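Student: Input: one structure, supplied below.
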Amino acid sequence: MKKRTTAAAVLTAAALTASLAACATETDSGASAPEQNAVIEGSAAARYTTPLADVCPSTVSIQWNWWPQADHGWTYQLIGDAGEVDAEKYTYTGPLGSTGIDLEIRAGGPATGGQLPLAQLYSDDSITFGITTTDDSIGASQDFPTVSVFTYAVKTPLVFFWGDDEWDFKNLTEVKESGETVLAWEGAPYLDVLTSLDLLDPAQIDASYKGDPARFVLEEGKVLQQGLLTSEVYKYEHDVPAWGKPVKYVSVGDEYDAYTSQVSIRADQLEAQRPCLEKLVPLFQQAAVDYAHDPAPTNQVLLDVVDQLDGSGWELTPGIVDWSSTIAVEEGIVANSPDGVFGSFDLDRLNEYIKVVAPLLSERGQKVAPGLTAEDFVTNEFLDPEIAL
Numbered sequence: 530m531k532k533r534t535t536a537a538a539v540l541t542a543a544a545l546t547a548s549l550a551a552c553a554t555e556t557d558s559g560a561s562a563p564e565q566n567a568v569i570e571g572s573a574a575a576r577y578t579t580p581l582a583d584v585c586p587s588t589v590s591i592q593w594n595w596w597p598q599a600d601h602g603w604t605y606q607l608i609g610d611a612g613e614v615d616a617e618k619y620t621y622t623g624p625l626g627s628t629g630i631d632l633e634i635r636a637g638g639p640a641t642g643g644q645l646p647l648a649q650l651y652s653d654d655s656i657t658f659g660i661t662t663t664d665d666s667i668g669a670s671q672d673f674p675t676v677s678v679f680t681y682a683v684k685t686p687l688v689f690f691w692g693d694d695e696w697d698f699k700n701l702t703e704v705k706e707s708g709e710t711v712l713a714w715e716g717a718p719y720l721d722v723l724t725s726l727d728l729l730d731p732a733q734i735d736a737s738y739k740g741d742p743a744r745f746v747l748e749e750g751k752v753l754q755q756g757l758l759t760s761e762v763y764k765y766e767h768d769v770p771a772w773g774k775p776v777k778y779v780s781v782g783d784e785y786d787a788y789t790s791q792v793s794i795r796a797d798q799l800e801a802q803r804p805c806l807e808k809l810v811p812l813f814q815q816a817a818v819d820y821a822h823d824p825a826p827t828n829q830v831l832l833d834v835v836d837q838l839d840g841s842g843w844e845l846t847p848g849i850v851d852w853s854s855t856i857a858v859e860e861g862i863v864a865n866s867p868d869g870v871f872g873s874f875d876l877d878r879l880n881e882y883i884k885v886v887a888p889l890l891s892e893r894g895q896k897v898a899p900g901l902t903a904e905d906f907v908t909n910e911f912l913d914p915e916i917a918l
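Taking the working numbering, the leading residue of the sequence shown gets 530, the next gets one more, and so forth.
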């Protein structure tokens with residue numbers, strides 16, 4: 530793996546809606562890139578071989594919504610350790626297997642000034658795909674329409690966690706019935722969804738959470754706090770010295786039907802990129818399945834990349850990437866869809882979700898396309914139905 534430094538570029542586009550940002554932690558192994566034209570058994574060059582040079586851009590760019598972490602691993606799987614880090618642009622670029630094109634992976638969140646990938650798609654024509662959420666896609670469907678062609682996760686890793694040994698909530702209904710305080714980020718759309726479905730009482734939500742453990746520790750864990758199964762559940766036990774013990778949690782993803790890792794393209798680019806998508810999307814599927822089965826090599830790549838992002842302030846540890854990549858599969862966050870295909874969307878689920886969330890997003894001032902259906906912003910047409918975990 531190489532490191533390259535160029536002039537920083539700052540993109541400017543207004544964020545379109547509040548998004549959940551994952552938080553995790555990853556270090557540099559000193560692994561070197563394979564010699565040019567060498568094919569190492571198990572390497573990206575050996576695994577991902579579909580010729581793409583005649584149908585895809587010479588560089589396919591994917592804009593993420595946060596710093597590199599385990600749920601981004603499937604994209605790094607496509608390059609392996611053969612890429613270069615640009616520490617000023619926060620990118621990792623290298624050959625996409627032996628397909629004949631390059632893949633550029635862009636960090637997001639603070640790396641883009643908090644701008645959402647959906648906004649980036651419409652402000653920078655060099656970006657091919659943005660990682661979006663169902664809420665973002667619906668909320669921007671009138672003015673900034675996208676089509677999602679693949680999803681890495683079938684449900685969000687979002688949880689409410691606590692540290693009181695006497696509590697033993699099994700679902701959100703029990704949380705609501707308890708009346709206990711739920712500490713969450715202000716403005717998160719999922720809160721409106723849960724209250725509209727009568728799964729939470731608005732009166733029990735305290736939207737003053739700022740992302741730090743201070744209140745959780747002060748109240749000795751006697752508060753239900755928003756977090757991610759793939760992040761905080763591990764970090765509070767291992768990386769928060771003031772707490773330093775296990776927490777319990779209840780899944781939000783079992784009740785909240787939005788997808789949070791949609792791979793999306795601008796709707797007006799879909800037809801032009803169709804020949805590329807037909808060959809590229811199955812590689813996304815295969816890389817994700819490969820990563821789920823054996824994440825360790827790519828986790829080391831993630832650690833190396835983050836170690837080279839000088840001045841980012843972002844940290845990643847071997848413990849968190851191992852936990853995140855493993856627990857996501859064990860808990861069904863990363864899994865086959867109900868149709869048995871990896872990466873497909875459940876259209877019935879989405880159409881029911883639209884009925885709930887579209888009015889809520891409209892009330893927030895977001896422009897939902899009239900008569901929007903799931904078929905307008907997601908498609909399974911480019912997936913290989915034979916690829917599954």
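A virtual CB, placed ideally from N, CA and C, is assigned to each residue, including glycine. On a predicted model such as this, the values are computed, not experimentally measured, just so you know.
Helix, strand or coil for tyrosine 621 per DSSP?
Tutor: It is a strand residue.
Student: Can you tell me which of Glu915, Pro888, Gly894 puts its alpha carbon nearest to the alpha carbon of phenylalanine 871?
Tutor: Cα-wise, what sits closest to phenylalanine 871 is Glu915.
Student: Hey, quick one: how far does the alpha helix (DSSP H) through glutamate 761 stretch, first residue to last?
Tutor: Residues 761–767.
Student: Go through the region 806–854 residue by residue and report every complete run of the alpha helix (DSSP H) that reaches 4 residues or more, in order.
Tutor: Whole alpha helix (DSSP H) segments, 4+ residues: 825–837.
Student: If you count every other CB in all the chains shown that lies within 10 Å of the CB of phenylalanine 906, and 16 or more means buried, which is it?
Tutor: Buried, since its Cβ has 16 or more Cβ neighbours within 10 Å.
Student: To the nearest whole angstrom, what separates the beta carbons of glutamine 592 and glutamine 649, a pair I think is in contact under 8 angstroms?
Tutor: Between glutamine 649 and glutamine 592 the Cβ distance is about 5 angstroms, and since that is below 8 angstroms, they are a contact.
Student: With a CB to CB cut of under 7 angstroms and the five nearest residues on each side skipped, what residues in its chain are close to aspartate 913?
Tutor: Pro811, Gln814, listed in sequence order.
Student: Could you check what DSSP says for tyrosine 778 in three-state terms: helix, strand or coil?
Tutor: It is a strand residue.
Student: Report the three-state DSSP secondary structure of cysteine 552 (helix, strand or coil).
Tutor: Low per-residue confidence applies at cysteine 552: pLDDT is 38, beneath 50, and the placement is therefore not dependable, though the value from the model is reported in the following sentence. In this structure, cysteine 552 counts as coil in the three-state DSSP scheme.
Student: List the DSSP bridge partners of threonine 680.
Tutor: The partner list for threonine 680 (beta bridge, DSSP) reads Gln791.
Student: Grab the span of the beta strand (DSSP E) containing isoleucine 591 for me, first residue to last.
Tutor: Where isoleucine 591 is concerned, the enclosing beta strand (DSSP E) stretches over 588–592.
Student: Using the three-state DSSP reduction, which class does aspartate 797 fall into: helix, strand or coil?
Tutor: In this structure, aspartate 797 counts as helix in the three-state DSSP scheme.
Student: Check whether the Cβ atoms of threonine 685 and valine 781 sit closer than 8 angstroms, and answer yes or no.
Tutor: Yes, they are a contact pair.
Student: Please check the pair glycine 848 and tyrosine 763, which I expect to be a contact at CB under 8 angstroms, by giving their CB distance rounded to whole angstroms.
Tutor: With a Cβ gap of about 7 angstroms, glycine 848 and tyrosine 763 count as contacting.
Student: Could you give the DSSP three-state label for valine 722: helix, strand or coil?
Tutor: Three-state DSSP puts valine 722 in a helix.
Student: With respect to the alpha helix (DSSP H) encompassing glutamine 644, which residues constitute its N-terminal and C-terminal limits?
Tutor: Premise fails: glutamine 644 is in no alpha helix (DSSP H) and is neither H nor E.
Student: Which of the three DSSP states is assigned to glutamine 606 in this structure?
Tutor: Note: glutamine 606 maps to helix in three-state DSSP.
Student: If we ignore side chains and look at the alpha-carbon of each, how far apart do glutamate 800 and glycine 642 end up?
Tutor: Those two C-alpha atoms are separated by around 31 angstroms.
Student: According to DSSP, is leucine 687 helix, strand or coil?
Tutor: In this structure, leucine 687 counts as strand in the three-state DSSP scheme.
Student: Could you give the DSSP three-state label for arginine 635: helix, strand or coil?
Tutor: The answer is strand: DSSP assigns arginine 635 an E or B state.
Student: Once DSSP output is grouped into helix, strand and coil, what is the label at leucine 712?
Tutor: Strand, per DSSP.
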